[in-house]
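Undergrad: Have a look at this one before I ask anything.
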Amino acid sequence: MTARIIDGKAVAARVHDEVAGGIDEFQKINGYAPRLTVILVGDDPASHSYVKGKERACEKVGISSETILKDASISQAELLEIIERLNNDPKVHGILVQLPLPKHIDEDTIILSIDPMKDVDGLHPENAGLLVLGQTRFAPATPLGVQRLLIEEGVDTNGAKVVIVGRSKLVGMPLTALLLQKGIGANATVTVCHTGTKDIGIETRQADVLIAAAGYPGAIGADMVKPGAVVVDVGVSRVEDSTRNRGYRLTGDVQFAEVVDVASAITPVPGGVGPMTISMLLVNVLRAAKFSIQD
Ligand code: GUN
Numbered sequence: 154m155t156a157r158i159i160d161g162k163a164v165a166a167r168v169h170d171e172v173a174g175g176i177d178e179f180q181k182i183n184g185y186a187p188r189l190t191v192i193l194v195g196d197d198p199a200s201h202s203y204v205k206g207k208e209r210a211c212e213k214v215g216i217s218s219e220t221i222l223k224d225a226s227i228s229q230a231e232l233l234e235i236i237e238r239l240n241n242d243p244k245v246h247g248i249l250v251q252l253p254l255p256k257h258i259d260e261d262t263i264i265l266s267i268d269p270m271k272d273v274d275g276l277h278p279e280n281a282g283l284l285v286l287g288q289t290r291f292a293p294a295t296p297l298g299v300q301r302l303l304i305e306e307g308v309d310t311n312g313a314k315v316v317i318v319g320r321s322k323l324v325g326m327p328l329t330a331l332l333l334q335k336g337i338g339a340n341a342t343v344t345v346c347h348t349g350t351k352d353i354g355i356e357t358r359q360a361d362v363l364i365a366a367a368g369y370p371g372a373i374g375a376d377m378v379k380p381g382a383v384v385v386d387v388g389v390s391r392v393e394d395s396t397r398n399r400g401y402r403l404t405g406d407v408q409f410a411e412v413v414d415v416a417s418a419i420t421p422v423p424g425g426v427g428p429m430t431i432s433m434l435l436v437n438v439l440r441a442a443k444f445s446i447q448d
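No gaps in the numbering here: position 244 of the sequence shown is 397 in this note's numbering, and each next residue is one more.
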């Protein structure tokens, strides 16, 4: 069997068009565009590249965006002050602090300081709690992107066995909460594998839908995949490659070249989940702007 390659870029483009329509309507009614402020601390090249992608996407759909760049030496107090200012600025609808942060800054304290109504990353404990309770206000963009991709590709998760490898707060945990819920694109039987799992292969081989979000390049080989499974690769790692001009290539958690012969459908890296993450961030920014005009 050779798997169908899921085109995340094409699905993301459709979501962009949808969001652009919503932004246009918002702008016409309110006389201003939804606005996102991103805070980027330090000089991690991958983070800079992700943030560039977010800025470009905002521009394309008509979201006004600003990136506040800060040196890695910024103190936690200074960062909290910036967030407080943004929380109190009615012109800012969405706030995103790019992760990871330098070690001297406590990520949880920073996330907790963001106004939950502007938390377009869906990481604030209030939003994480609402998600688990099935009362979603903001869910993180990557899990939303995975769910939307499955829906758009006609993958029926209702009653399906979904195995997620990875339990991060940005992907594995919130994706588990999303897929467990009743309703379209969910209602799955979800198993989560992590570093404490005794034998990951035993779990993954039972998956109708296997979602790799461990952050280890090539962690999922063909022997870990049930024939005919749908495989979604959330991993994006930079692996040294001297044959490329930039000196690296992007690699997922799945050994694509061999899993493509076992799965029925698979997302590539790049061009799979990545573009969907950005699209769903745009959806969240529009959502935040709409919340801001409700009383
Ligand atoms: N770092 C990698 N992905 C993300 C994301 O979705 N949000 C934030 N804030 N940081 C990230």
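Note that beta-carbon positions come from the ideal geometry of N, C-alpha and C, so glycine has one too.
Remember, predicted model here, so these are calculated numbers, not experimental data.
#1: Is P293 near the ligand GUN, judged by its Cβ being under 7 Å from some heavy atom?
#2: Relative to the C-alpha of G287, which residue among V324, L332, I263 and Q300 is closest?
#3: How many angstroms separate the CA atom of K181 from the CA atom of T295?
#4: Specify, as a first and last residue, the run of the beta strand (DSSP E) that D386 falls within.
#5: Between the alpha carbons of G282 and T396, how many angstroms are there, rounded?
#6: With a 10 Å radius around its C-beta and 16 neighbouring C-beta atoms as the bar for buried, classify T348 as buried or exposed.
#7: Please state whether the Cβ-Cβ distance between A186 and I235 is less than 8 Å.
#8: Comparing the CB of T262 with every heavy atom of the ligand GUN, is any distance shorter than 7 Å?
#9: Counting C-beta neighbours from all protein chains within 10 Å, is the total for G427 16 or more, i.e. buried, or is it exposed?
#10: Considering only their Cβ atoms, is the gap separating I355 from V412 smaller than 8 Å?
#11: I'd like to confirm something about Q251: is its beta-carbon nearer than 7 Å to some heavy atom of the ligand GUN, or not?
#12: In whole angstroms, what separates the C-alpha of L435 from that of A210?
#13: Exposed or buried, what is R399 when buried is set at 16 or more other beta-carbons lying within 10 Å of its beta-carbon?
#14: Suppose you measure from the CA of A410 to the CA of K443; what does that come to, to the nearest Å?
#15: Can you list, in chain order, the residues of its chain whose CB lies under 6 Å from that of G405, leaving out five sequence neighbours each side?
#16: What are the residues that DSSP puts in a beta bridge with V273?
#17: For the alpha helix (DSSP H) containing G206, name the first residue and the last one.
#18: For A281, which of helix, strand or coil comes out of DSSP?
#19: Going by the C-beta, is D197 closer than 7 Å to any heavy atom of the ligand GUN?
#20: Quick one: grab the DSSP three-state call for E219.
#21: When the Cα atoms are used, what is the spatial distance from I264 to L276?
#22: Mind listing, in chain order, the continuous alpha helix (DSSP H) runs of no fewer than 4 residues lying wholly within the stretch 285 to 316?
#23: My assumption, with CB atoms under 8 Å, is that D272 sits in contact with I248. Please give the rounded CB distance.
#24: Please state if the CB of G368 and the CB of Q408 are separated by a distance shorter than 8 Å.
#25: Only counting the same chain, and skipping five residues up and downstream in sequence, which positions put a Cβ closer than 6 Å to that of S445?
#26: May I ask which residues mark the beginning and end of the beta strand (DSSP E) holding G247?
#27: Within the same chain, show all residues whose beta-carbon is closer than 6 Å to that of D394, passing over the 5 residues directly before and after it, in chain order.
#28: Could you compute how far the alpha carbon of P269 sits from the alpha carbon of T289?
#29: By Cβ distance, which residues of its chain are closer than 8 Å to Y203, with the 5 residues on each side in sequence left out?
#30: What would DSSP say about I267, mapped onto helix, strand or coil?
TA: By the coordinates alone:
#1: One-based indexing of the sequence shown puts residue 293 at position 140. Yes.
#2: Here the question's residue 287 lines up with position 134 in the sequence shown. Nearest Cα to G287 within the set V324, L332, I263 and Q300: L332.
#3: For the purposes of this step, residue 181 is taken as residue 28 along the sequence shown, with counting starting at 1. For the purposes of this step, residue 295 is taken as residue 142 along the sequence shown, with counting starting at 1. Cα-Cα distance, rounded: 29 Å.
#4: Start at 1 with the first residue of the sequence shown, and residue 386 comes out as number 233. In the DSSP assignment, D386 falls within the beta strand (DSSP E) that extends over V383 to D386.
#5: Along the sequence shown, one-based indexing puts residue 282 at 129. Along the sequence shown, one-based indexing puts residue 396 at 243. Near 46 Å, if we compare the C-alpha coordinates of T396 and G282.
#6: Here residue 348 refers to the residue found at position 195 of the sequence shown. With fewer than 16 Cβ atoms within 10 Å of its Cβ, T348 is classed as exposed.
#7: Counted from its first residue, the sequence shown places residue 186 at position 33. Counted from its first residue, the sequence shown places residue 235 at position 82. No. Outside cutoff.
#8: Walking along the sequence shown from the start, residue 262 turns up at place 109. When distances are taken from the beta-carbon of T262 to the heavy atoms of the ligand GUN, even the shortest one reaches 7 Å or more.
#9: Translated into the one-based positions of the sequence shown, residue 427 becomes position 274. Buried, by the Cβ-count rule.
#10: For the purposes of this step, residue 412 is taken as the residue at position 259 of the sequence shown. For the purposes of this step, residue 355 is taken as the residue at position 202 of the sequence shown. No. Outside cutoff.
#11: Looking up residue 251 in the sequence shown gives position 98. It does: the Cβ of Q251 is within 7 Å (strictly closer) of some heavy atom of the ligand GUN.
#12: Counting from 1 along the sequence shown, the entry for residue 435 is found at position 282. Counting from 1 along the sequence shown, the entry for residue 210 is found at position 57. CA-to-CA, the gap between L435 and A210 works out to about 8 Å.
#13: Your numbering for residue 399 matches position 246 in the sequence shown. Classification of R399: exposed, given that the 10 Å Cβ count is below 16.
#14: Residue numbering aside, residue 410 sits at position 257 when the sequence shown is read from its first letter. Residue numbering aside, residue 443 sits at position 290 when the sequence shown is read from its first letter. The C-alpha of A410 lies about 43 Å from the C-alpha of K443.
#15: As a position in the sequence shown, residue 405 is number 252, starting the count at 1. For G405, where only same-chain residues beyond five positions count, the Cβ hits under 6 Å are D386, G388 and V422.
#16: As a first step, residue 273 is located in the sequence shown; it is residue number 120 there, counting from the start. BP columns for V273 are empty, so no partner.
#17: Residue numbering aside, residue 206 sits at position 53 when the sequence shown is read from its first letter. It spans P198 to V214 - the alpha helix (DSSP H) in which G206 sits, taken as one unbroken run.
#18: Taking the first residue of the sequence shown as position 1, residue 281 is located at position 128. Residue state, collapsed to three classes: helix.
#19: Stepping through the sequence shown from its first residue, residue 197 is reached at position 44. Not so, every heavy atom of the ligand GUN lies at least 7 Å from the Cβ.
#20: Here residue 219 corresponds to residue number 66 of the sequence shown, with the count starting at 1. E219 carries a strand assignment under DSSP once its states are collapsed to helix, strand and coil.
#21: Translated into the one-based positions of the sequence shown, residue 264 becomes position 111. Translated into the one-based positions of the sequence shown, residue 276 becomes position 123. Going from the Cα of I264 to the Cα of L276 covers about 7 Å.
#22: Listed in chain order, the complete alpha helix (DSSP H) runs (minimum 4 residues) inside the stretch 285 to 316 are 294 to 305.
#23: On the sequence shown, position 119 is the one that residue 272 refers to. On the sequence shown, position 95 is the one that residue 248 refers to. With 8 Å as the limit, D272 and I248 qualify as a contact, their Cβ atoms being about 7 Å apart.
#24: Mapped onto the sequence shown, residue 408 falls at position 255. Mapped onto the sequence shown, residue 368 falls at position 215. For Q408 and G368, no; Cβs fall outside 8 Å.
#25: Sequence index remark: in the sequence shown, residue 445 carries index 292 (1-based). Excluding residues within five positions, the ones whose Cβ falls inside 6 Å are H246.
#26: Looking up residue 247 in the sequence shown gives position 94. First-last of the beta strand (DSSP E) with G247: G247 to V250.
#27: In the sequence shown, the residue the question calls residue 394 occupies position 241. In its chain, beyond the 5 residues on either side, Y401 and R402 have a beta carbon closer than 6 Å to the beta carbon of D394.
#28: Here residue 269 corresponds to residue number 116 of the sequence shown, with the count starting at 1. Here residue 289 corresponds to residue number 136 of the sequence shown, with the count starting at 1. Rounded to whole angstroms, P269 to T289 spans 12 Å at the Cα level.
#29: As a first step, residue 203 is located in the sequence shown; it is residue number 50 there, counting from the start. Leaving aside the five residues that flank Y203 on each side, the residues in its chain whose CB is nearer than 8 Å to its CB run, in chain order, Q251.
#30: Along the sequence shown, read from residue 1 onward, the residue named residue 267 stands at position 114. Three-state DSSP puts I267 in coil, outside helix and strand.
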